[in-house]
Amino acid sequence: MIYSAGSLEESKVWLNFAKDCHYITMEQFNIYNAKADEIGAKLHRLYVNWKS
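If you count the sequence shown from 1, you need to add 9 to reach the working numbering.
As structure tokens, then:
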């Protein structure tokens, strides 16, 4: 589970890099970043439920 959260954060770093280098548009960044946040929230809920 911790590896998943770490990988998600690494992906978000690369997403920011792609935006800053103009490899993707701001619109694409916003879409992908929102999806990453959604996945992060799901991982967090899974972790909390798994612990209990």
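Don't be surprised by glycine CBs; every beta carbon is placed ideally from N, CA and C.
Since the model is a prediction, treat every value here as computed from it, not as a measurement.
M35 and L24 have their C-alpha atoms some 11 Å from each other.
Within the same chain, N42, A45 come within 8 Å of K21 by CB-CB distance, once the 5 residues on both sides are set aside.
Assignment of M35 by DSSP, reduced to helix, strand and coil, places it in the helix class. Taken atom to atom, the span from the alpha-carbon of E19 to that of Y12 is near 10 Å. Nearest to G15 by alpha-carbon distance, out of K60, I48, I33, is I48.
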